[in-house]
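Novice: Read the sequence shown against our numbering and you will find it ends at 131, with the numbers running on by one and no gaps. For glycine and all other residues, C-beta sits at the position ideal for the given N, C-alpha and C.
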Amino acid sequence: LRLDAAGQRFERVPTPCAGTYFGVDVFGPDLLVYGLRGNAYLSSDAGSSWHKLETGTDANVVTALQTPRGLLLLTQAGDVLLVDTRLRTARGLQSPNGPEVLGAVAADERRVAVARLNGPGWLEWVPTER
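(1) Which one or two residues does DSSP pair with residue 11 in a beta bridge?
(2) Report yes or no: do three or more beta-carbon pairs, one from the region 16-27 and one from the region 60-71, lie closer than 8 Å?
(3) Taking the beta carbon of residue 106 as the centre, do at least 16 other beta carbons fall within 10 Å, making it buried, or is it exposed?
(4) Measuring only the C-alpha atoms, how far is residue 72 from residue 48?
(5) Could you check what DSSP says for residue 39 in three-state terms: helix, strand or coil?
(6) For residue 70, which option in 94, 87, 13 and 101 has the closest C-alpha, if you only look at C-alpha atoms?
(7) State the CB to CB distance for the pair residue 55 and residue 16, rounded to an integer number of angstroms; the pair is presumed to be in contact (CB under 8 Å).
(8) When the distance is taken between beta carbons, is residue 98 closer than 8 Å to residue 122?
(9) Taking residue 36 and residue 20 to be in contact with their CB atoms under 8 Å, please state how far apart those CB atoms are, rounded to whole angstroms.
(10) Tell me which residues share the same chain as residue 3 and place their Cβ nearer than 7 Å to its Cβ, disregarding the 5 neighbours each side in the sequence.
(11) Enumerate in chain order the residues of its own chain whose CB-to-CB distance from residue 53 is below 6 Å, with the five nearest sequence positions on each side excluded.
(12) Can you check the region 42-113 for any beta strand (DSSP E) of at least 3 residues that lies completely inside it and give the ranges in chain order?
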């Protein structure tokens, strides 16, 4: 939904995918929605048009984080993806495997605190592409 300030009411905004979304976030001028099967979409015009982010994964995207390194997407499988909003892509960063990731909070440019199926922990990665 988007607020129509003049009419003081919310209006429905069509989304690009009929699948399940797990989150919506605002990063600078961009609106980001993400969810099931690695789907993530960017809008730079408040949801009037959408552009698919090529994530290269079919794992569920469970959270998006703004970090000193840039915008990251984390998947339920533990993938850490660095987003390039200009190219509309997300490339994988090396990360260790482990139990399912349910949520995360940025700690610094190479670590995030994660909520996993078996409890809290850390994800750390070497800044290389995989």
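Specialist: Answer, in terms of the structure:
(1) 4
(2) yes
(3) exposed
(4) 19 Å
(5) helix
(6) 94
(7) In fact, because the Cβ distance is near 18 Å, the residues do not count as touching under 8 Å.
(8) no
(9) 6 Å
(10) 11, 12, 14, 47 and 48
(11) 42
(12) 62-68, 71-76, 81-85, 90-94 and 102-109
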